[in-house]
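Undergrad: This structure is in structure tokens; I'll ask about it shortly.
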Amino acid sequence: MASPVIVTVSWVFAWLVTLIALVSLGRGIAHLVRQFSQGQPDHTRMRPVGKRLWTMLSTIITHREFTHKPVVKVAHWFVMVSFPLLFLTLISGYAHLRDPRWSLPLIGTWAPWQWLVDIFAWAGLLAIIVLMVIRYRTGHRPEPLPADATLRKRTSRFFGSTRWQALFVEWVIVIVCGCVVVLRGLEAALVVADGGDASWWHYPLTGWIGSLVSSAAPSTLATVIVLVSLLKILVSMLWMIVIGVQTSMGVAWHRFLAIINLYARRNADGAKSLGPAAPMLVDGEPLTDLDRLDDLPDDVPLGVGTALDLTWKQRLDLYSCTECGRCQELCPAWNTEKPLSPKLLVLALRDHVESVSRVELTDMDVPEEIDPGEDKTLIEKGVLPSPHTSDVLHALSSSGATGPLGVRDTDGPLVPDVIDEGVLWDCTMCGACVDQCPVDIEHVDDILNLRRHQVLMESAFPRDLARPFRGMEKKGNPYNQSARKRLEWAKNLDFEVPVIGEDIESADDVEYVLWVGCAGAYDDRAKKTTAALAELLHTAGVTFGVLGSAESCTGDPARRAGNEILFQMLASAAIDTLNEAHARKIVVTCAHCFNTIAGEFPQLGGTFEVIHHTQLLNRLVRENRLTPLPPAPGERHQTITYHDPCFLGRHNRLFEAPRELLGSLPSVDMVEMPRNRERALCCGAGGARAWMEETRGTRIADNRMDEARETGAHVVATACPYCSQMLGSAHGENMPEVKDVAVLLLEGVHRHRDAAGDDGTIT
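Each residue of the sequence shown is one higher than the one before, counting from 1 in our numbering.
Next comes the structure, spelled out in structure tokens:
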């Protein structure tokens with residue numbers, strides 16, 4: 001028997017701490033439920049139940065969101081599974097305080113159960129140590145550039161994550177798993193001391209620990225079991241107490257909240273919240289009919305302006321964040337020294353929402369204007385509270401996302417009191433943050449809703465957007481050009497391009513409608529791509545027609561800039577035009593037009609079959625309807641690297657067709673940039689950024705072209721006119737040429753045509 005005094009004290013102390021822990025945890029759960037229930041409704045998140053449940057479970061079990069980090073994926077999976085599995089050992093721990101020889105009814109001495117406990121106790125212990133090492137090395141890795149200490153820290157995805165919270169959770173897991181391992185060994189030793197069987201069949205991975213203490217007296221072993229069980233209980237309860245108090249501690253709460261968040265993700269089939277933008281919600285329902293605007297009360301907010309405007313799902317996003325920083329790691333704005341970090345944006349919103357619900361400062365005698373040099377001192381003295389941990393506050397203030405105090409901790413406008421205007425408009429909406437997030441936080445949709453409120457309710461947007469807004473509204477294109485110029489790209493072709501409604505009656509007379517797009521019609525570089533595609537289709541015998549002056553902008557720049565009403569006006573007009581033309585199949589060169597027509601037009605009732613030009617051209621080459629030839633002897637052998645457009649690749653998962661097409665070009669060597677496919681760096685044009693100047697940090701396009709140059713490539717191949725425009729304007733020496741894949745293919749096809757004799761054979 002264990003010491004009676006130790007047993008009694010341990011029993012009373014354990015249950016006293018457990019009572020405190022349960023009260024704290026219950027308080028924390030009630031607070032979170034209240035937080036989410038105060039959010040605006042979103043009726044799009046709960047059905048279909050069966051499909052969502054299956055998606056949620058399969059996502060959790062397979063850990064499929066942990067892409068490109070196989071070690072982290074395996075380690076996190078073992079830690080995750082060990083949590084519920086080893087919960088039964090916590091129940092055993094309470095019983096061990098009274099009887100060290102107690103075991104669970106039915107399964108306690110069942111060998112398969114004992115194997116599971118041994119395996120997952122060790123696996124959980126080793127896995128969390130691996131994760132601790134990864135976090136330490138990632139957060140403290142040496143960086144030769146830049147020289148500035150703060151910028152060096154920015155290269156770590158954990159910069160801005162609350163370090164003490166991560167350490168606390170990690171050490172709780174270490175101690176709990178370690179206690180389970182030790183207890184299993186002690187139990188094996190006690191079984192032997194009592195004359196029982198403690199073979200490897202029952203203690204496969206912990207029996208050796210028991211052999212180390214086999215000489216100890218049974219009473220000593222029983223006492224140690226009581227003490228180790230008490231330690232395990234106290235540490236577990238301490239975890240519950242802390243998270244009950246720290247309800248914004250996403251690194252702990254995500255193991256519960258992430259399950260709900262994955263269930264309530266935007267797409268029930270489990271696809272990331274990419275591609276088409278989420279419709280604007282009014283009273284929990286998508287606003288896809290502008291006629292409803294006239295019936296809405298004047299005080300109905302459009303978009304998100306204050307914490308009160310956040311839906312329950314948007315609030316759940318904030319509290320589900322694990323602060324892992326994978327979104328920050330790939331963000332093009334953050335990686336070019338801009339203040340926007342998707343992680344810090346989420347944490348700023350979370351801390352604001354949390355502080356608004358907890359703190360009332362109306363009675364505080366604090367001057368409205370405070371010398372910034374005194375801010376930190378005032379915080380330290382308790383005169384001014386900060387809603388952030390020191391790590392988050394330091395990251396926000398040092399990056400320029402906020403002032404020294406961080407975000408506003410009382411209710412007020414989110415922009416600029418919580419999210420700086422520069423931070424809001426730095427986003428290119430490339431989707432890297434959403435793609436990388438393991439708990440499916442919808443950063444892009446959140447930023448879009450903030451922009452919608454600024455544009456629609458406050459008429460506040462960057463001055464650079466005034467001209468494209470006016471152009472889209474007055475002339476149907478952001479270039480503010482006349483519709484009569486939409487066919488200028490075709491004036492040098494040696495064949496006629498039929499205009500639907502003028503040269504041919506409808507799209508029924510052709511295979512495809514060629515959607516030229518605004519860039520394809522007005523941008524000089526993009527016009528070469530449009531002409532190249534038209535010539536390739538003509539050469540391959542593919543019939544097509546264009547809409548000419550009847551074509552107008554799809555509305556993508558307007559929507560991504562937050563001007564939802566202008567988007568719907570443009571999109572509805574384009575849908576009507578396509579329907580009137582009897583469009584069935586549409587081919588586009590612009591990744592943004594592709595995303596909008598294929599994914600966003602259906603939100604407004606316009607459903608069409610859309611194909612990107614790289615897909616169609618790749619098919620025509622495979623069918624031998626287009627035959628490229630290599631350069632002539634003596635001409636430069638080309639090395640090409642391909643830049644993935646965000647709205648084609650990451651948003652719509654079209655990675656291989658352009659690569660297959662480029663790979664079919666003779667005498668061309670393909671090299672990949674380090675960041676490619678779903679991890680590719682944005683060109684900087686998305687989110688209406690093509691119309692705005694970059695005034696902070698490095699130009700994103702310059703950063704991308706530096707990466708391309710380091711591959712040794714002669715040419716950067718693109719598949720979107722905005723990418724061509726941005727990358728082609730990059731500054732630097734010895735930059736590669738920038739060409740669309742259609743232009744590169746046409747060069748090869750021209751060589752084939754020039755080398756062919758009158759009978760069509762190659763001479």
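Positions of the beta carbon are idealized from the N, C-alpha and C atoms, including for glycine. Owing to the predicted nature of the structure, the values given are computational and were not obtained by experimental measurement.
(1) So, with DSSP's three-state summary, where would you put Ile379?
(2) Between which residues of its own chain and Ile129 is the CB-CB distance below 8 Å, once the five residues before and five after are set aside?
(3) Taking C-beta to C-beta, are Thr206 and Gly39 nearer than 7 Å?
(4) What does the alpha-carbon distance come out to for the pair Gly250 and Asp351?
(5) Quick one: which unbroken alpha helix (DSSP H) runs of 4-plus residues sit fully inside the segment 560–621? Chain order, please.
(6) Ordered along the chain, which non-local residues of its own chain (more than five positions away) have a Cβ less than 6 Å from that of Pro144?
(7) Since Asp740 sits in a beta bridge, which residues does DSSP pair it with?
(8) With respect to the alpha helix (DSSP H) encompassing Val176, which residues constitute its N-terminal and C-terminal limits?
(9) Provide the residue(s) that pair with Tyr642 in DSSP beta bridges, ordered along the chain.
(10) For the segment 649–727, which segments carrying the alpha helix (DSSP H) assignment without a break, of at least 4 residues, lie completely within its bounds, in sequence order?
(11) So, at 7 Å on beta carbons, what are the nonlocal neighbours of Glu380 in its own chain, with the 5 sequence-adjacent residues on each side left out?
(12) Identify, in the order they occur along the chain, each residue of the same chain with its Cβ nearer than 6 Å to the Cβ of Leu514, setting aside the five sequence neighbours on each side.
(13) With C-beta atoms as the reference, is Thr639 less than 7 Å away from Ala713?
(14) Check whether the segment 735–750 and the segment 615–626 are in contact - that is, three or more C-beta pairs closer than 8 Å.
(15) Within its chain, find whatever has a CB closer than 6 Å to the CB of Ile107; leave out the 5 residues flanking it on each side and keep chain order.
(16) To the nearest angstrom, how far is it from the Cα of His453 to the Cα of Ile447?
(17) Please report how far the alpha carbon of Glu170 lies from the alpha carbon of Glu693, in whole angstroms.
(18) Would you report the Cα separation of Glu600 and Val516, rounded to the nearest angstrom?
(19) Pull the bridge partners of Pro286 from the DSSP assignment, please.
(20) Please classify Trp334 as buried or exposed, where buried requires at least 16 neighbouring CB atoms within 10 angstroms.
(21) Should Ser459 go down as buried or exposed, given a rule of 16 or more other Cβ atoms within 10 Å for buried?
(22) For Ile243 and Ala252, what's the separation of their Cα atoms in angstroms?
(23) Just to confirm, is the Cβ distance from Val499 to Ala534 under 7 Å?
(24) Quick check: the segment 230–248 against the segment 204–222, are at least 3 beta-carbon pairs closer than 8 Å?
(25) Using DSSP with H/G/I as helix, E/B as strand and the rest coil, what is Asp365?
(26) For Ile128, which of helix, strand or coil comes out of DSSP?
(27) Rank Glu747, Arg154 and Leu257 by C-alpha distance to the C-alpha of Ser667 and give the top, closest one.
(28) Which term fits Lys474, buried or exposed, when burial requires 16 or more other beta carbons within 10 angstroms of its beta carbon?
(29) Indicate whether Pro628 and Leu493 have their beta-carbon atoms separated by less than 7 Å.
(30) Classify Tyr136: buried if its beta carbon has 16 or more other beta carbons within 10 angstroms, exposed otherwise.
(31) So, helix, strand or coil for Trp515, using DSSP?
(32) Quick check: the segment 329–348 against the segment 255–272, are at least 3 beta-carbon pairs closer than 8 Å?
(33) Report the residue from Phe36, Val180 and Phe461 whose alpha carbon sits nearest the alpha carbon of Tyr319.
(34) Spell out a yes or no on whether the segment 217–230 and the segment 281–290 are touching, meaning 3 or more CB-CB pairs, one atom from each, closer than 8 Å.
(35) Leaving out five residues on either side along the sequence, give the residues of the same chain with a beta carbon under 6 Å from the beta carbon of Ile611.
(36) Any heavy atom of the ligand ADP inside 6 Å of the beta-carbon of Thr8?
TA: Taking the geometry as given:
(1) Counted from its first residue, the sequence shown places residue 379 at position 379. Because the pLDDT of Ile379 is 47, which lies under 50, any placement of that residue in the model is unreliable, and the number read from its coordinates should be weighed accordingly. Residue state, collapsed to three classes: helix.
(2) Locating residue 129 in the sequence shown gives position 129, counting from the first residue. Result list for Ile129: Val174, in chain order.
(3) Residue numbering aside, residue 206 sits at position 206 when the sequence shown is read from its first letter. Residue numbering aside, residue 39 sits at position 39 when the sequence shown is read from its first letter. Not in contact: Thr206 and Gly39 (Cβ atoms no closer than 7 Å).
(4) Residue 250 sits at position 250 when you count from the first residue of the sequence shown. Residue 351 sits at position 351 when you count from the first residue of the sequence shown. Answer to the nearest angstrom: the Cα atoms are 11 Å apart.
(5) 564–580 and 591–595
(6) Against the sequence shown, residue 144 aligns to sequence position 144. Residue confidence is low: Pro144 scores 42 on pLDDT, short of 50, so the model does not pin down where it sits. Its coordinate-derived value is still stated next. Around Pro144: no qualifying Cβ.
(7) As a first step, residue 740 must be located in the sequence shown, where it is residue number 740. In DSSP, Asp740 forms a bridge with Thr718.
(8) Here residue 176 refers to the residue found at position 176 when the sequence shown is read from its first residue. Counting along the chain, the alpha helix (DSSP H) containing Val176 begins and ends at Arg163 to Ala193.
(9) Against the sequence shown, residue 642 aligns to sequence position 642. Ala717, per the DSSP bridge assignment.
(10) For the segment 649–727, whole alpha helix (DSSP H) runs of length 4 or above, ordered along the chain, are 656–663 and 700–710.
(11) Translated into positions along the sequence shown, residue 380 becomes position 380. In this predicted model, Glu380 has a pLDDT of only 46, less than 50, meaning its place in the structure is not dependable; the value taken from the coordinates is given anyway. Counting only Cβ-Cβ distances below 7 Å, and skipping sequence neighbours, we find nothing.
(12) Here the question's residue 514 lines up with position 514 in the sequence shown. Excluding positions up to five away in sequence, the list reads Phe544, Val546 and Val587.
(13) In the sequence shown, residue 639 corresponds to position 639, counting from 1. In the sequence shown, residue 713 corresponds to position 713, counting from 1. Contact check for Thr639 against Ala713 passes: the beta carbons are separated by less than 7 Å.
(14) yes
(15) Sequence index remark: in the sequence shown, residue 107 carries index 107 (1-based). Excluding sequence neighbours, Ile107 sits near Trp113.
(16) To locate residue 453, count along the sequence shown from 1; it is residue 453. To locate residue 447, count along the sequence shown from 1; it is residue 447. A straight-line Cα-Cα distance of about 10 Å links His453 and Ile447.
(17) Residue numbering aside, residue 170 sits at position 170 when the sequence shown is read from its first letter. Residue numbering aside, residue 693 sits at position 693 when the sequence shown is read from its first letter. Spanning the two alpha carbons is a distance of roughly 43 Å.
(18) Here the question's residue 600 lines up with position 600 in the sequence shown. Here the question's residue 516 lines up with position 516 in the sequence shown. Roughly 18 Å separates the two Cα atoms.
(19) Stepping through the sequence shown from its first residue, residue 286 is reached at position 286. According to DSSP, which records beta bridges pairwise, Pro286 is partnered with Leu281.
(20) Mapped onto the sequence shown, residue 334 falls at position 334. Burial call: buried.
(21) Here residue 459 refers to the residue found at position 459 of the sequence shown. Ser459 is exposed by the Cβ-count criterion.
(22) For the purposes of this step, residue 243 is taken as residue 243 along the sequence shown, with counting starting at 1. For the purposes of this step, residue 252 is taken as residue 252 along the sequence shown, with counting starting at 1. Using only the alpha carbons, I get a separation of about 7 Å.
(23) If you number the sequence shown from 1, residue 499 lands on position 499. If you number the sequence shown from 1, residue 534 lands on position 534. No. Outside cutoff.
(24) no
(25) Residue mapping note: residue 365 aligns to position 365 of the sequence shown, counting from 1. Its pLDDT being 42, under 50, Asp365 is placed unreliably by the model, and the measurement read from it follows with that caveat. Correct three-state label for Asp365: coil.
(26) The residue you call residue 128 lines up with position 128 of the sequence shown. Looking at Ile128 - three-state DSSP - the assignment turns out to be helix.
(27) Walking along the sequence shown from the start, residue 667 turns up at place 667. Considering only alpha carbons, the answer is Glu747.
(28) If you number the sequence shown from 1, residue 474 lands on position 474. With fewer than 16 Cβ atoms within 10 Å of its Cβ, Lys474 is classed as exposed.
(29) Numbered from 1 along the sequence shown, position 628 holds the residue referred to as residue 628. Numbered from 1 along the sequence shown, position 493 holds the residue referred to as residue 493. No.
(30) The residue labelled residue 136 in the question sits at position 136 within the sequence shown. Its Cβ having fewer than 16 others within 10 Å, Tyr136 is exposed.
(31) By 1-based counting over the sequence shown, the position of residue 515 is 515. Note: Trp515 maps to strand in three-state DSSP.
(32) no
(33) Residue mapping note: residue 319 aligns to position 319 of the sequence shown, counting from 1. Selected option, being the one with the closest Cα: Phe36.
(34) Judged by Cβ distances under 8 Å, the segment 217–230 makes no contact with the segment 281–290, as fewer than three pairs qualify.
(35) As a working note, residue 611 is residue 611 in the sequence shown. These residues qualify, in order along the chain: Val587.
(36) Ligands are entirely absent from the displayed structure, and the ligand ADP is therefore not among its contents.
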